[in-house]
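So the structure is just underneath, and the comments pick up after that.
Protein chains: 2
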Amino acid sequence: MLKINENYKNLEESYLFSTVGRKIAEYSQNNPDKKIIRMGIGDVTRPLCKAVIDNMHKAVDEMADSATFKGYGPEQGYDFVRNSLKAYYSSFGVELEADEIFVSDGAKSDIANILDIFSVDNTVLVPDPVYPVYVDTNIMAGRKIIFADANEQNGFLPLPDEKYDADIIYICSPNNPTGAVYNKDQLKQWVDFANKKGAVILFDAAYEAFISDPELPRSIYQIEGAKTCAIEICSLSKTAGFTGTRCGYTVVPKSLVFDNTMLNKLWLRRQTTKFNGVAYIIQSGAAAIFTEEGRKQIQESIDYYKRNAKVMADAFDEMGIWYTGGKNSPYIWFKCPDDMDSWDFFDKLLEEANVAGTPGAGFGKNGSKFFRLTAFGNYENTVEAMERIKNMVL
Amino acid sequence: MLKINENYKNLEESYLFSTVGRKIAEYSQNNPDKKIIRMGIGDVTRPLCKAVIDNMHKAVDEMADSATFKGYGPEQGYDFVRNSLKAYYSSFGVELEADEIFVSDGAKSDIANILDIFSVDNTVLVPDPVYPVYVDTNIMAGRKIIFADANEQNGFLPLPDEKYDADIIYICSPNNPTGAVYNKDQLKQWVDFANKKGAVILFDAAYEAFISDPELPRSIYQIEGAKTCAIEICSLSKTAGFTGTRCGYTVVPKSLVFDNTMLNKLWLRRQTTKFNGVAYIIQSGAAAIFTEEGRKQIQESIDYYKRNAKVMADAFDEMGIWYTGGKNSPYIWFKCPDDMDSWDFFDKLLEEANVAGTPGAGFGKNGSKFFRLTAFGNYENTVEAMERIKNMVL
């Protein structure tokens with residue numbers, strides 16, 4: 001008799017975005033004349049850049065001709081992408097070998113799938129608030145999960161503590177949902193902690209492209225000692241607008257050895273067995289991002305979103321509301337005025353300012369009095385939304 | 395201290411295709427004047443059809459314009475693909491709901507990932523010989539594996555037997571590597587067996603498009619009772635030359651209920667948590683396959699490969715060599731002449747006929763005296779290869 005994976009019964013249904021969606025739809029239906037500005041979902045809005053588009057058209061044409069047609073590619077990604085990524089890392093001082101870099105269909109897949117190479121019998125440390133995928137994937141596997149408190153006192157950047165007795169440590173910087181960014185000293189503390197404990201850090205760098213302060217690390221490998229404790233997972237979703245195009249990458253240094261086993265070899269075995277690589281057309285588009293032309297073009301979109309973030313940060317400064325993010329990040333995470341609960345503030349913001357955001361409670365208990373807005377909308381709407389919020393609050 | 399997944403230590407390194415590759419390279423280097431015809435790897439060679447190419451160009455252009463740009467899509471696939479697949483199934487008498495169909499980046503991913511929703515504490519039945527992914531993914535999870543003997547006596551189509559005390563049953567038809575195809579009566583025996591035992595069948599239909607005999611089932615859902623015991627996994631890799639384009643689909647009927655739990659709901663939860671959908675551009679290409687024009691165009695390539703298969707089958711008939719496949723399948727699986735071991739025959743075939751194939755031993759112990767050739771090459775080479783083999787054997 002087939003037995004299902006009982007761990008799935010321990011998952012909580014996530015009603016966050018469906019509830020948000022329903023509330024917006026209801027308000028909209030009852031108030032058809034109101035123009036709602038949506039700053040809730042972390043999805044990009046600007047089109048793919050020309051270099052990517054050109055490369056993809058070219059790749060599509062190659063697939064139309066038997067002389068240039070591509071069948072099965074390497075599961076780990078084509079060398080032309082791995083070498084582009086190697087050069088990209090090198091541009092900010094991180095030296096990797098191409099076969100330490102694995103191309104995938106996105107960070108979400110890798111964050112979930114990397115767990116396959118670890119025993120169920122490990123304890124996992126995740127921050128609270130947190131990107132829900134870190135928690136749910138470990139519940140599905142039946143791992144013990146403990147939480148690191150992120151809060152106003154530590155600027156939503158928790159630091160190591162002996163009470164965190166974990167084997168797998170999740171760090172996301174710039175953070176989703178809080179926009180907070182670890183500096184090098186802080187990350188060094190985590191790296192030292194992990195090396196001392198024999199723990200692995202899963203470093204989610206999905207928002208690294210939003211870092212413009214040269215003092216802040218874009219990669220955990222900018223920290224000494226990281227290559228013996230950290231796997232880095234990154235995505236082109238926010239870097240180059242690939243949320244609907246699906247490409248990311250994971251770095252597993254060969255110096256990561258646990259239990260006399262190279263994690264690089266385990267991950268290679270996982271990927272060659274359970275994955276068949278990313279479409280040639282998509283990888284061709286991805287490679288264009290790392291050309292001189294491509295980098296210039298994607299920077300325009302990143303700068304556009306960062307200009308939105310600045311408008312938002314300036315407005316919250318003006319209102320005197322405490323927040324994290326807004327710089328080096330596409331998110332702003334602020335404290336709800338008047339000690340309001342985040343769902344109550346959601347309703348108020350929707351009804352009084354016609355702006356939709358995401359209640360912090362959806363990311364964990366420490367988010368219950370905080371609120372997330374994203375900079376991925378268009379500039380004019382962002383400016384208008386901030387005016388409306390200021391009118392409401394001030 | 396991080397503990398790795400110890401099950402990975404139980405995996406056998408697969409040297410099949412690397413050894414094949416090395417042997418060909420060595421022979422080629424020592425005999426630069428010889429023209430080797432490769433009939434080993436199950437990869438397609440013909441380009442994508444025009445309807446797919448046109449749709450993909452159009453989709454690339456949509457991604458270049460903010461008015462038509464697509465960000466995150468539904469993890470389960472766009473409705474336009476799911477509805478196309480629903481209509482496709484309906485064309486051979488299988489009625490499904492669109493939300494029973496999940497679009498993915500390929501059958502290999504789904505075959506691996508579907509196991510996530512089942513307990514480790516299930517016994518798995520796989521045929522021998524077998525597509526190695528069925529075995530390796532279960533070793534990685536630590537499940538008990540038992541084998542169903544496929545052999546000359548049963549035409550490489552094993553039937554249910556009370557001794558097969560399994561909860562998860564793999565069936566691939568048309569089969570890789572043997573090319574053998576179950577008829578409706580035989581599949582009905584498996585469906586009845588699974589329903590009686592409360593087991594689930596994982597039906598790999600990756601080669602269904604090669605079936606032209608209307609009496610043979612293209613889908614397990616053509617068999618009464620299958621919707622309460624079977625998940626079907628299919629791919630566009632062989633149907634439409636998508637090996638390097640990556641798109642497949644999995645059908646999980648809502649009537650599949652085990653342990654009071656709908657598997658459809660579990661799989662939806664797995665996919666929404668651990669996967670972010672297939673690129674819009676790729677899904678646009680996939681949808682073109684199911685238009686009238688697209689179906690006509692892909693049929694041309696399937697017919698081309700099937701003509702190769704017929705050339706091969708005719709040659710083996712002429713040689714009086716026992717085989718399976720060659721009809722309704724792109725593979726031919728034959729008994730090595732003179733009771734030879736499959737690796738010895740590999741060497742002989744390479745050296746005397748300059749034809750490369752795949753030794754059956756690579757697919758399991760029951761393949762040790764059998765050999766696989768594929769019909770995915772070009773016609774002229776296929777004809778020449780068969781002439782050479784006939785000259786060698788006769």
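Protein sequence lines, in the order shown, are assigned to chains A and B.
If you use the numbering used here, the first sequence corresponds to residues 1 to 394, in order.
If you use the numbering used here, the second sequence corresponds to residues 395 to 788, in order.
Idealized CB from N, CA, C, for every residue including glycine.
Query raised in the report: Okay, do the stretch 417 to 437 of chain B and the stretch 43 to 61 of chain A touch, 3+ Cβ pairs below 8 Å being the bar?
Result: They do not touch, by the three-pair rule.
Query - Cα-Cα separation, A/V81 to A/F102 - result: 9 Å
Requested in this report: Using a threshold of 9 Å, state whether the C-beta atoms of A/A180 and A/G325 are closer than that.
Outcome: yes
Query raised in the report: Can at least three beta-carbon pairs, one atom from the stretch 164 to 183 of chain A and one from the stretch 308 to 325 of chain A, be found at a separation below 8 Å?
Result: yes
Requested in this report: Compile a chain-ordered list of the residues in the stretch 362 to 384 of chain A whose CB is closer than 8 Å to at least one CB of chain B.
Outcome: none
Report task. Classify A/L481 as helix, strand or coil using the three-state DSSP reduction. Result -> Absent from the model: residue 481 of chain A. The displayed extent of chain A is 1 to 394, so no value can be given.
Query - Beta-carbon proximity list for A/M340, same chain, < 8 Å, skipping 5 on both sides - result: K348, K369
Query raised in the report: Does any CB atom of chain B fall closer than 9 Å to the CB of A/R270?
Result: yes
Query raised in the report: Out of curiosity, what's the CA-to-CA distance linking A/K365 and A/V130?
Result: 10 Å
Query raised in the report: In chain B, which residues lie less than 9 Å from A/G71 when you measure between Cβ atoms?
Result: I435, D437, V438, T439, S631, G635, T637, G638, F770
Query raised in the report: For B/E602, which option in B/D579, B/Q580, B/N570, B/C623 has the closest C-alpha, if you only look at C-alpha atoms?
Result: Ranking B/D579, B/Q580, B/N570, B/C623 by Cα distance to B/E602 puts B/N570 first.
Query raised in the report: With a CB to CB cut of under 7 Å and the five nearest residues on each side skipped, what residues in its chain are close to B/S408?
Result: P526
Query raised in the report: Which one or two residues does DSSP pair with A/T243 in a beta bridge?
Result: In DSSP, A/T243 forms no bridge with anything.
Query raised in the report: How about B/I511 and B/R664: do their beta carbons lie closer than 9 Å?
Result: Yes, the Cβ-Cβ distance between B/I511 and B/R664 is below 9 Å.
Report task. Provide the residue(s) that pair with B/M534 in DSSP beta bridges, ordered along the chain. Result -> DSSP, once it has assigned bridges, lists no residue as partnering B/M534.
**Report entry** Anticipated Cβ contact below 8 Å, B/G471 with B/G642, distance rounded
**Finding:** Not quite, the Cβ-Cβ distance comes to about 10 Å (not below 8 Å), so this is no contact.
Query raised in the report: Considering B/Y482, what are the terminal residues of the alpha helix (DSSP H) in which it resides?
Result: 473 to 485
Report task. Assign B/I783 to one of two classes, buried (16 or more other C-beta atoms within 10 Å of its C-beta) or exposed (fewer than that). Result -> B/I783 should be labelled buried.
**Report entry** Selection of the stretch 100 to 119 of chain A by Cβ proximity to chain B, strictly under 8 Å
**Finding:** D105, G106, K108, S109, A112, N113, D116, I117, F118, S119
Requested in this report: Using a Cβ-Cβ cut-off of less than 7 Å, give me the residues of the stretch 49 to 78 of chain A that come near chain B, in sequence order.
Outcome: Cβ contacts with chain B: I53, M56, H57, V60, M63, A64, D65, S66, F69, K70, G71, Y72, G73.
Report task. Might you give, ordered along the chain, the residues of its own chain that have their beta carbon closer than 7 Å to the beta carbon of B/C804, omitting 5 neighbours on each side? Result -> This structure cannot settle anything about residue 804 of chain B, because the visible part of chain B is limited to 395 through 788.
Requested in this report: Taking only the alpha-carbon atoms, compute the straight-line gap between B/E546 and B/V529 and give it to the nearest angstrom.
Outcome: 22 Å
Requested in this report: Report buried or exposed for A/S91, applying the criterion of at least 16 other Cβ atoms within 10 angstroms of its Cβ.
Outcome: exposed
Requested in this report: Please list, in chain order, all residues of the same chain as A/F290 whose beta carbon is under 8 Å from its beta carbon, the five residues on each side excluded.
Outcome: Cβ neighbours of A/F290 beyond the five flanking positions: S84, L85, A87, Y88.
Query raised in the report: Between B/F636 and the rest of its own chain, which residues show a CB-CB distance below 6 Å, the 5 nearest in sequence each way excluded?
Result: L630
Query raised in the report: Who are the Cβ neighbours of A/S173 in its own chain at under 6 Å, not counting the five residues just before and after it?
Result: V181, Y182
Requested in this report: Assuming B/F728 contacts B/F710 (C-beta within less than 8 Å), just tell me the rounded distance between them.
Outcome: 6 Å
Query raised in the report: Any chance the stretch 690 to 708 of chain B sits against the stretch 553 to 560 of chain B, with 3 or more Cβ pairs inside 8 Å?
Result: Too few Cβ pairs lie closer than 8 Å, so no.
Report task. With distances taken Cα to Cα, identify the nearest neighbour of B/N532 among B/E400, B/V518, B/D543, B/D522. Result -> B/V518
Query raised in the report: Closer than 9 Å, CB to CB, is B/F669 near chain A or not?
Result: Judged by the 9 Å Cβ criterion, B/F669 is in contact with chain A.
Query raised in the report: Is the beta carbon of A/I220 less than 9 Å from the beta carbon of A/M56?
Result: no
Query - Chain-ordered neighbours of B/K429 on chain A, where CB pairs are closer than 9 Å - result: Think of a sphere of 9 Å around the beta carbon of B/K429: no beta carbon from chain A falls inside it, the nearest being about 18 Å out.
Query raised in the report: Quick one: which chain A residues come within Cβ less than 8 Å of B/K557?
Result: Under the 8 Å cutoff, chain A gives no residues; its nearest Cβ is about 17 Å from B/K557.
**Report entry** Proximal residues of chain A, C-beta to C-beta of B/V414 below 8 Å
**Finding:** The contacting residues do not exist; B/V414 stays about 15 Å from chain A at best.
Report task. Just the C-alpha distance for A/T382 and A/L350, rounded to the nearest angstrom, thanks. Result -> 15 Å
Query raised in the report: Going by DSSP, what residues sit across from A/F376 in a beta bridge?
Result: According to DSSP, which records beta bridges pairwise, A/F376 is partnered with nothing at all.
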